[in-house]
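Here's the structure we're looking at; comments come further down.
In the working numbering, the protein residues as written are -18 to 106.
Shown next, in the form of C-alpha cells:
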C-alpha cells in the first residue's frame, strides 16, 4: 500500500464475556501500533501506516500476525479488512468470514490493467 493502511477487526466473542477482555485485547493490539480504537467490545480499528515500515512487512502479513496472536492469546477468531481508509476497511471486514482477511490495495501496480490510466497517446480518437 502506498498511503494509509487501516485495519478493521471484528471478533467472534464468547457468550460469557470476561469484563477484562477488552482492556487485555487493547493492550495486545497496541503491541502492533499505538493507534488503536476499540469500537464496542467486538470491533477494533488500527492504523497500521507507521507499523508496516517498522515491522518490514506488508499489510497482509501484519494482519495475519495480529489475527494469529489474538487467536493464540484469547482464543478469539476474527474477520479482518484492510484498506486505505476506515470506510473501505469496515466494508471489507463486513464481507469477510471469521478467520479470513480481505486486503484492498490502492497502489496502481496492483490494479487490473483495465483500471490503470492509459498514456494520452493510446486513447482512441
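Glycine included, each C-beta is placed from N, C-alpha and C at the ideal position.
Check: Nearest to residue 35 (by Cα), restricted to the options 8, 56, 12; Outcome: 12
Check: Contacts around residue 70, its chain only, beta-carbon distance under 8 Å, and the 5 residues preceding and following it disregarded; Outcome: -13, -12, -11, 26, 62, 63, 64, 85
Check: Residues near residue 92 in its chain [Cβ-Cβ closer than 7 Å; skip 5 each side]; Outcome: With a pLDDT of only 49 at residue 92, under 50, the local geometry of the prediction cannot be trusted, and no value is derived from it.
Check: Spatial distance of residue 59 from residue -16 (CA atoms); Outcome: 25 Å
Check: According to DSSP, residues forming a beta bridge with residue 83; Outcome: 62
Check: Segment limits, alpha helix (DSSP H) that includes residue -7; Outcome: That residue, residue -7, is in no alpha helix (DSSP H); it is neither H nor E in DSSP.
Check: Beta-carbon proximity list for residue 77, same chain, < 7 Å, skipping 5 on both sides; Outcome: 60, 61, 62, 83
Check: Identified DSSP bridge partners for residue 28; Outcome: -13
Check: Cβ neighbour criterion (16 or more within 10 Å) applied to residue 17; Outcome: buried
Check: Cβ-based burial, residue -9 [other Cβ within 10 Å; buried from 16]; Outcome: buried
Check: Per DSSP, cross-strand counterpart(s) of residue 19; Outcome: 25
Check: Span separating the alpha-carbon of residue 56 from that of residue -5; Outcome: 9 Å
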